[in-house]
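*Asks:*
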Amino acid sequence: MMINGTESFFAGHELKELTFGWTDYTLFGGLLGISVLIGIYFGFFSTKQDNTTEYLLGGKTMSCFPISMSLIASHVSGVSLLGVPSEVYQYGTQYAACIFTSFISCFLIVIIYLPVFHKLQLTSTFEYLEIRFARPVRILASFLYTLSLVVYVPLIIYVPALAFSQATGMNLHYVAPVICMVCIFYTTIGGLKAVVWADTVQMTVTIGSLVAVLILGTIAVGGVGETWRIAEEGGRIVFWNMDPSPFVRNSFWGMSVGMTMTWLASLGISQVSMQRFLAVPTIKEAQKSIWFLAVGFVVIKFFSVFIGLTMYARYHKCDPITAHVVARSDKILPYYVLDVAADIPGLPGLFLAGLVSAGLSTMSAGLNTVAGTIYEDFIDRWMPESNKETKAANIMKVTVVILGILCVGMVFLVDRLGDIFQLSLTVTGITAGAMLGLFSLGMLVPWATTKGAVVGGLISMVTMIWIIVGAQWHMANRRLYYEPLPSTTEGCLNVSSLFNHTSAMTQNPIQVESVDEPFFIYRISFMYYTLLGALIVIVIGTIVSFICGASDLSDVDRDHFPPFITRLMPPKKYMEVSLHTVPTTLITNSEKEELKS
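Numbering (full-length UniProt numbering), first residue to last: 1 to 597.
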């Protein structure tokens, strides 16, 4: 039981005393073992993965339920499971506006992007950019997408590896490669079917662990009502911050507009998502998968937000981050789980298994997709036709291994980075906006041309790199800082000497002098990075297209646009052909021969 918030808990507490038991290790190892067995089954005993349709699209025979679970698992990573509760703990519940964001994003996917991709049945979404514009646009987009995933996957796998190493005392340098190798194994030999079914199992574990932690945490605090009361008194209940300024770190508009664009980029045009939408036999099944995805997103995000509130309710009088009991904000959730579930054998292992599952899901989806993208866009055109399909599957498997090893090496660079939640949106903002802009320009602006797409894409990329690099430089020099909501350590026991030693260090970084205030462009919230990048492509691309000569709408292919756009376009121009005069009298066989000659 707790006395005055967290006093009794922090008396003599040391994190190293909270470690896994044999039950935790059993559950954790069992989950990784199941993933390996799924890969072995689909790789050696199920339908052979010896062609691109089987390896990338699961033979187009998947049902909507496992596809939906795989999509949720692929996009709900450790960044969400660790980053969202930490975000709520420090900045309040404004993130809960993702309930609106989820349904708005999925609605836009259903009416804009899915109809086009499903009609064209393209193995690579970037093939659309080639048939809509030209091959250089596709190559550029494919390269940027591959680069973004190679940079992002190490961040994904670092989070569960960090949590596991903290809970067990094992070195991060040993944990991360083991987790990565398991993922590489079942992704390589099993193809999409193994990834989807492993994602389904892992997603079930993730949801189960979230529910268990949520229930235990709520009980420990004193119930839902008590949790809400404490959070409200601490200023954590923030739903309707309607400040329209783009410089506010997070507002209702930042979540509902900014995150909608971010999710469109990660779901609507993503090769990871479309590869799964095309793995179902009909577009109705794909639409059902998207709506299941929306509901699943809302449920998991709601759990994550409320876990953040229960963490605050437990530590509202003794903040472990301010007291430096927790080294960084991203570690507070594993710390909280080890605290709440210390007397329940197996639950910490179950939760860590859920975190690792989320990382494995995202990593496996990324590796499988990038392998297909690299082959389709950079290798396929150079392959001889003889036995091409079998060679293609083998090349993609080798690509998965190479990329996986590269990601293992890059995991250790992430340890030097800052806040996981903010960092993930910042990193993806470099390429996500330009990517979303290129596809949206192609589907929503029939007049757009290749020159417009290239110029718009390049200007967007350069601009976003300028903004993001500049903002990160100012953050590193403490000229730009998003101060969290107030917290206190007045209820802490036996950490006063540690706090006094570090309090000066923790206060200095937040001093921001007005004379050093950065240029306004650097102060734009990271929530709007994807939106800004996409708008630059669409606006500049449209202007350049008209300047250089817009496309004739009667000549463009209707299949390249969603239905509501084609209904607004003028009738298709038909090619005129010369007609021969049709004789009105009967002709003899000899006359027919003369006409033929």
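Glycine is no exception: its CB is placed at the ideal position from the N, C-alpha and C atoms.
1. When the Cα atoms are used, what is the spatial distance from arginine 132 to leucine 485?
2. In this structure, how does DSSP classify glutamate 483 when only helix, strand and coil are distinguished?
3. Would threonine 282 be called buried (16 or more neighbouring beta carbons within 10 Å of its own) or exposed?
4. Assuming tryptophan 228 is part of the alpha helix (DSSP H), what are its boundary residues?
5. Counting only runs of 4+ residues fully inside the segment 109 to 139, write out the alpha helix (DSSP H) ranges in chain order.
6. Would you mind sorting cysteine 407 into buried or exposed? The rule is 16 or more other CB atoms within 10 Å of its CB.
7. Tell me which residues share the same chain as leucine 210 and place their Cβ nearer than 6 Å to its Cβ, disregarding the 5 neighbours each side in the sequence.
8. Pop quiz: alanine 313 and isoleucine 230 are said to be a contact at Cβ under 8 Å. What is the actual Cβ separation, rounded to whole angstroms?
9. Please state the DSSP three-state secondary structure of valine 556.
10. Check for me: the alpha helix (DSSP H) holding isoleucine 565 runs from which residue to which?
11. Quick one: grab the DSSP three-state call for histidine 316.
12. If you run the structure through DSSP and keep just helix, strand and coil, what is alanine 265?
13. Give the C-beta separation of isoleucine 179 and isoleucine 156 to the nearest angstrom, bearing in mind that I take them to be a contact with Cβ-Cβ under 8 Å.
14. In whole angstroms, what is the alpha-carbon distance linking glycine 366 and cysteine 492?
15. Quick check: the Cα distance between leucine 81 and methionine 410, rounded to an integer number of angstroms?
16. Alpha carbons only, please: which of Ala434, Leu403 and Glu376 is nearest the one belonging to leucine 122?
17. Straight-line CA distance for arginine 523 to leucine 480?
18. For a test of the three-state rule: what should DSSP assign to threonine 282, helix, strand or coil?
19. Name the two residues that bound the continuous alpha helix (DSSP H) containing aspartate 339.
20. Would you check if the distance between the CB atom of methionine 464 and the CB atom of glycine 437 is smaller than 8 Å?
21. Tell me which same chain residues have a C-beta within less than 6 Å of the C-beta of lysine 301, skipping the five on either side of it?
22. Give the DSSP-derived three-state secondary structure of histidine 324 in the structure shown.
23. Quick one: measure Cβ to Cβ for glycine 372 and glutamine 275, integer angstroms, because I've assumed they're closer than 8 Å.
24. If I measure Cβ to Cβ from aspartate 243 and keep anything under 7 Å in the same chain, skipping five residues before and after, which residues do I get?
25. Assign serine 142 to buried or exposed, taking buried as 16 or more other Cβ atoms, counted over all protein chains shown, within 10 Å of its Cβ.
26. Can you tell me whether residue 598 is helix, strand or coil according to DSSP?
27. Check each candidate in Ser364, Ser102, Val556 and Thr399 and name the one with the smallest Cα separation from valine 295.
28. Buried or exposed for glutamine 507, please, with buried defined as at least 16 other CB atoms from any protein chain shown within 10 angstroms of its CB.
29. When you compare each of Asn241, Leu214, Ser460 and Ile207 to leucine 355 by their alpha carbons, which one comes out closest?
30. Express the C-alpha separation of alanine 163 and lysine 331 in angstroms, rounding to a whole number.
31. Would you give the residue range spanned by the alpha helix (DSSP H) that threonine 488 belongs to?
32. Run through DSSP, which three-state label would methionine 443 get?
33. Going along the chain, which residues of its own chain have a beta-carbon closer than 6 Å to the beta-carbon of threonine 322, five neighbours each way excluded?
34. Thinking C-alpha only, which one of Gln90, Gly429, Thr310 and Ile307 is nearest phenylalanine 526?
*Replies:* For this structure:
1. If you number the sequence shown from 1, residue 132 lands on position 132. If you number the sequence shown from 1, residue 485 lands on position 485. So the two alpha carbons sit approximately 48 Å from each other.
2. In the sequence shown, counting from the first residue as 1, residue 483 sits at position 483. Three-state result, glutamate 483: coil.
3. Counting from 1 along the sequence shown, the entry for residue 282 is found at position 282. Threonine 282 counts as exposed, since fewer than 16 other C-beta atoms from the protein chains shown sit within 10 angstroms of its C-beta.
4. Within the sequence shown, numbered from 1, the residue matching residue 228 stands at position 228. Its alpha helix (DSSP H) spans residues 224 to 233.
5. Restricted to the segment 109 to 139, the alpha helix (DSSP H) segments that are unbroken, complete and at least 4 residues in length are 114 to 120 and 126 to 132, listed in chain order.
6. Working through the sequence shown from its first residue, we reach residue 407 at position 407. Classification of cysteine 407: buried, given that the 10 Å Cβ count is 16 or more.
7. To locate residue 210, count along the sequence shown from 1; it is residue 210. The residues Phe303, in chain order, have a CB closer than 6 Å to that of leucine 210 in the same chain once the five nearest residues on each side in sequence are set aside.
8. As a first step, residue 313 is located in the sequence shown; it is residue number 313 there, counting from the start. As a first step, residue 230 is located in the sequence shown; it is residue number 230 there, counting from the start. By a beta-carbon distance limit of 8 Å, alanine 313 contacts isoleucine 230. Their separation comes to about 4 Å.
9. In the sequence shown, counting from the first residue as 1, residue 556 sits at position 556. Annotated three-state conformation of valine 556 is coil, per DSSP.
10. As a first step, residue 565 must be located in the sequence shown, where it is residue number 565. In the DSSP assignment, isoleucine 565 falls within the alpha helix (DSSP H) that extends over 563 to 566.
11. Position 316 of the sequence shown, counted from the start, is the residue given in the question as residue 316. In the displayed model, histidine 316 falls within coil according to three-state DSSP, outside both helix and strand.
12. Here the question's residue 265 lines up with position 265 in the sequence shown. Correct three-state label for alanine 265: helix.
13. Position 179 of the sequence shown holds residue 179. Position 156 of the sequence shown holds residue 156. No, isoleucine 179 and isoleucine 156 are not in contact; Cβ-Cβ is about 11 Å, not under 8 Å.
14. One-based indexing of the sequence shown puts residue 366 at position 366. One-based indexing of the sequence shown puts residue 492 at position 492. Those two C-alpha atoms are separated by around 43 Å.
15. Here residue 81 is taken as the residue at index 81 of the sequence shown, counted from 1. Here residue 410 is taken as the residue at index 410 of the sequence shown, counted from 1. In this structure, the straight-line span from the alpha carbon of leucine 81 to that of methionine 410 is close to 21 Å.
16. Locating residue 122 in the sequence shown gives position 122, counting from the first residue. Selected option, being the one with the closest Cα: Glu376.
17. The sequence position of residue 523 within the sequence shown is 523, counting from 1. The sequence position of residue 480 within the sequence shown is 480, counting from 1. The alpha-carbon atoms of arginine 523 and leucine 480 are separated by roughly 7 Å.
18. As a position in the sequence shown, residue 282 is number 282, starting the count at 1. Correct three-state label for threonine 282: coil.
19. Translated into the one-based positions of the sequence shown, residue 339 becomes position 339. First-last of the alpha helix (DSSP H) with aspartate 339: 332 to 340.
20. Residue numbering aside, residue 464 sits at position 464 when the sequence shown is read from its first letter. Residue numbering aside, residue 437 sits at position 437 when the sequence shown is read from its first letter. Taking 8 Å as the Cβ cut-off, methionine 464 and glycine 437 do not qualify as a contacting pair.
21. Locating residue 301 in the sequence shown gives position 301, where the first residue counts as 1. The residues are Cys98.
22. Reading the sequence shown from its first residue, position 324 is the one you call residue 324. In the structure shown, histidine 324 sits in coil (DSSP, three-state: anything other than H, G, I, E or B).
23. Numbered from its first residue, the sequence shown carries residue 372 at position 372. Numbered from its first residue, the sequence shown carries residue 275 at position 275. The Cβ separation is near 7 Å, so the contact holds.
24. Taking the first residue of the sequence shown as 1, we reach residue 243 at position 243. Same-chain partners within the cutoff: Ser251.
25. Translated into positions along the sequence shown, residue 142 becomes position 142. Buried, by the Cβ-count rule.
26. The structure shown has nothing for residue 598, since the chain only spans 1 to 597.
27. Locating residue 295 in the sequence shown gives position 295, counting from the first residue. Of the candidates Ser364, Ser102, Val556 and Thr399, the one whose C-alpha sits nearest the C-alpha of valine 295 is Ser102.
28. Within the sequence shown, residue 507 is the residue found at index 507, counting from 1. Residue placement at glutamine 507 is poorly supported in this model, since its pLDDT is 35, which falls under 50; the coordinates are not used for a value here.
29. By 1-based counting over the sequence shown, the position of residue 355 is 355. When each option's Cα is compared against that of leucine 355, the closest is Ile207.
30. Here residue 331 refers to the residue found at position 331 of the sequence shown. Here residue 163 refers to the residue found at position 163 of the sequence shown. Cα to Cα, lysine 331 sits roughly 7 Å from alanine 163.
31. Within the sequence shown, numbered from 1, the residue matching residue 488 stands at position 488. Annotation for threonine 488: no alpha helix (DSSP H) segment contains it, and DSSP assigns it neither H nor E.
32. The residue labelled residue 443 in the question sits at position 443 within the sequence shown. In the structure shown, methionine 443 sits in a helix (DSSP, three-state: H, G or I).
33. Counting from one through the sequence shown, the residue named residue 322 turns up at place 322. Hits under 6 Å: Ser487 and Thr489.
34. Position 526 of the sequence shown, counted from the start, is the residue given in the question as residue 526. Cα-wise, what sits closest to phenylalanine 526 is Gly429.
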